[in-house]
Every structure is written in structure tokens, then in C-alpha cells.
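Start counting at 1 in the sequence shown, then tack on 6, and there's your number in this note's numbering.
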Amino acid sequence: INAEYMGAIERLLNMAVTDVADEVRRYAIAYLGFLTFKKPKYCIDLVRLLSDSYNPHTRYGVALAIGIACAGTNLKDAIEILERLRKDSVDYIRQMAFIATAMVCIHQPKENEKVEEFRKTLDERIKDKHEELMTKFGCIIATGILDAGGRNVTIALHRNSHNLMKPIVGMALFTQYWHWFPYLLLLSLTFHPVADQCGAEEYKQPIHKWQIKDTPVGDTGLHGDEDQEPEPPEPFEWP
């Protein structure tokens, strides 16, 4: 973190604990994420104590800051703080904690126990008739983030430590969904496609044999063999 950022971080932290307006406190903490997304562990150290604040807007800002700074990192410390905030007594804090957890865990495999457990929790909360509406809304958004792009995208605000301005602007507008829900859609500007690269020893081109089994379009697979070719359509004749 360079000297310019340190000055901005100090001002934001000062506003977060001294300002009388809840909205100022909320976004002062949340926007720490934009100053630390290249060093997400530093963001966790900054907001860890604030996660126990008496002010609910401060705790909301902590969840959002972690979601921004730690997006796609699957950091254990970040998930632990968000797990505690997901059990908060205030509904909009739980909402943001679920969304932030999805941002942290985006593009993680099913084999990850934490992610699989988180998906089950989301499913249970969405189906729970006694759950608060705002929390349930956050669970629905979190499910969409986890499955974004067919689970083939991640959230990237920088590439090789170079800022990506369009994703950063998209994330900044996304944080304003508190005032207008359609801003949620702008999170898609932060999505970056990912791919699996197969390598071999001595950097030689690997040789793979791929076998793909799929059900023909229009066939549910309930009748007959899935590998059976569908019958050709009847020829169409113009009247």
C-alpha cells in the first residue's frame, strides 16, 4: 500500500468511527475494499475489529468491504468473519454477508467443503418460510453470483496489479443497490472469464482424449437409451 492510499485509508477509518451519519460510516468502511483489493489480507486486518461494532451500518460496511477486497480469493479469514455476520440479528447485515460470501467463494469447485456447506445454507434459507425477506433476497443474489457465467467466471478488479477501470466502476455502482435494486446487475461488469489450462512436462503440448455424453435436444432421457440418435424430423413441404 503506497503513501497516497495510506492517507486515504486513514481518512476513511476516521470517518467510519467519528461521523454521525450512518450512511457515511457504512460507505467509508465499504470503500476500504477498493483501496485494498490488491492486498485482501490487509483489508481483513483493517476491518476485523469493526465487525464487532455496535453500529449495524458499520458491520454492513465490513461485510461489503470484505466482499470487494477478497472477491474470488476464498480466504479462510474472510469467510470466518462473514460466517459470524451471517448470524447477525439485523436482516440487512445478513443479506450483505451472504452476498459477500458468494463474492469471496465465486468459481470454487464443488469439492470445497465450505462452498458446498454454504450452498446448502443458501438453499435452506431460501425455502425457510420464517426467514426475513431481506435475508432471503440476499441468499437469492448469492446463489446467482456463485453460478454466474455457468460457474466459469470470477470477479477481477485488477490484472497483474493493473487496475481494470470498467470492473471497478461496475463494482462501485453495484454497492449502491441499497438505494436502487437494478444496480445489482452492474456486478456483471466485474466478471472475468476463466479457463482450465492443461500442461505437460517440459512444456510440451499435452495429448488428451475427451469423451462427451449428452442427451439430444428435446429428449428428456427418461425413455430409451441416451446414446441413441434422435429420429430425423419429417420433411416440410410448402403448400
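Glycine residues also receive a C-beta, built at the ideal position from the N, C-alpha and C atoms.
None of the values given here were measured: they were computed from a predicted structure.
(Q) Run through the DSSP bridge pairs and tell me what R165 is partnered with. (A) The residue you call residue 165 lines up with position 159 of the sequence shown. In the DSSP assignment, the residues bridged to R165 are H168.
Q) Looking at the structure shown, is T160 part of a helix, part of a strand, or coil, going by DSSP? A) As a position in the sequence shown, residue 160 is number 154, starting the count at 1. Of the three classes helix, strand and coil, the one that applies to T160 here is strand, per DSSP.
Q | Proximity to E86 [Cα-Cα], best of R54, Y33, T149 and Y183 | A | Along the sequence shown, read from residue 1 onward, the residue named residue 86 stands at position 80. For the residues R54, Y33, T149 and Y183, the minimum Cα distance to E86 belongs to R54.
**Q.** Residue span of the alpha helix (DSSP H) that contains H63, given as start and end
**A.** In the sequence shown, counting from the first residue as 1, residue 63 sits at position 57. Where H63 is concerned, the enclosing alpha helix (DSSP H) stretches over P62 to A75.
Q. Do M102 and G144 have their C-beta atoms closer together than 8 Å?
A. The residue labelled residue 102 in the question sits at position 96 within the sequence shown. The residue labelled residue 144 in the question sits at position 138 within the sequence shown. Yes, these two residues count as a Cβ contact at 8 Å.
Q. Taking the Cβ atom as the reference point for each residue, do I72 and A106 lie within a distance shorter than 8 Å?
A. For the purposes of this step, residue 72 is taken as residue 66 along the sequence shown, with counting starting at 1. For the purposes of this step, residue 106 is taken as residue 100 along the sequence shown, with counting starting at 1. Cβ distance < 8 Å, so I72 and A106 count as in contact.
Q: Return the Cβ separation of L18 and Y37 in integer angstroms, given the expectation that the two are a contact with Cβ distance under 8 Å.
A: In the sequence shown, counting from the first residue as 1, residue 18 sits at position 12. In the sequence shown, counting from the first residue as 1, residue 37 sits at position 31. That pair is a contact at about 6 Å.
Q | Ordered list of alpha helix (DSSP H) runs contained in the segment 81-166, each at least 4 residues | A | Counting whole runs of 4 or more residues, the segment 81-166 contains the alpha helix (DSSP H) stretches 82-91, 97-111, 119-133 and 139-152.
Q) What do you get for T24, buried or exposed, if any count of 16 or more other CB atoms within 10 angstroms of its CB means buried? A) In the sequence shown, counting from the first residue as 1, residue 24 sits at position 18. T24 should be labelled exposed.
Q. Taking just the CA atoms, how far does N118 sit from V200?
A. Walking along the sequence shown from the start, residue 200 turns up at place 194. Walking along the sequence shown from the start, residue 118 turns up at place 112. Our two residues, V200 and N118, have alpha carbons roughly 18 Å apart in a direct line.
Q: Measuring only between beta-carbons, confirm whether I15 sits less than 8 Å from chain C.
A: Of the protein chains in the structure, only one exists, and it is not chain C.
**Q.** Burial state of F40, where buried means 16 or more other Cβ atoms lie within 10 Å
**A.** Taking the first residue of the sequence shown as 1, we reach residue 40 at position 34. By the 10 Å Cβ count, F40 comes out buried.
Q: Name the one or two DSSP bridge partners that F197 has.
A: Numbered from 1 along the sequence shown, position 191 holds the residue referred to as residue 197. Per DSSP, I161.
**Q.** Same chain only: Cβ atoms within 6 Å of Y11, ignoring 5 sequence neighbours per side
**A.** Numbered from 1 along the sequence shown, position 5 holds the residue referred to as residue 11. Closer than 6 Å at the Cβ level, and outside the excluded window around Y11, lie L41.
Q. So, using beta-carbon positions, are L163 and L179 closer together than 8 Å?
A. As a first step, residue 163 must be located in the sequence shown, where it is residue number 157. As a first step, residue 179 must be located in the sequence shown, where it is residue number 173. Against a cut-off of 8 Å, the Cβ pair of L179 and L163 comes out as no contact.
Q) Cβ of I161 within 8 Å of Cβ of L190? A) Looking up residue 161 in the sequence shown gives position 155. Looking up residue 190 in the sequence shown gives position 184. Their beta carbons are not under 8 Å apart, which means I161 does not touch L190 by this criterion.
Q: Determine the extent of the alpha helix (DSSP H) in which K47 is found, giving its start and end residues.
A: Reading the sequence shown from its first residue, position 41 is the one you call residue 47. Segment P46 to V53, the alpha helix (DSSP H) holding K47.
Q) When the Cα of G67 is compared with those of V30, D134 and R90, which residue comes out closest? A) Taking the sequence shown and counting its residues from 1, the one referred to as residue 67 is at position 61. The residue among V30, D134 and R90 with its C-alpha nearest the C-alpha of G67 is V30.
**Q.** Other residues of its chain near Y98: CB distance less than 7 Å, five sequence neighbours each side excluded
**A.** What you label residue 98 is simply residue 92 of the sequence shown in a count that begins at 1. Here the set comprises Y66 and M140.
Q | Nearest-angstrom Cα separation, counted from T181 out to R100 | A | Looking up residue 100 in the sequence shown gives position 94. Looking up residue 181 in the sequence shown gives position 175. Those two C-alpha atoms are separated by around 15 Å.
Q) In three-state terms, what does DSSP make of Y37? A) On the sequence shown, residue 37 is found 31 positions in, with the first residue counted as 1. Y37 falls in the coil class under three-state DSSP.
Q.
Quick check: the Cα distance between T127 and P188, rounded to an integer number of angstroms?
A. Taking the first residue of the sequence shown as 1, we reach residue 127 at position 121. Taking the first residue of the sequence shown as 1, we reach residue 188 at position 182. Counting only the Cα atoms, P188 lies some 25 Å from T127.
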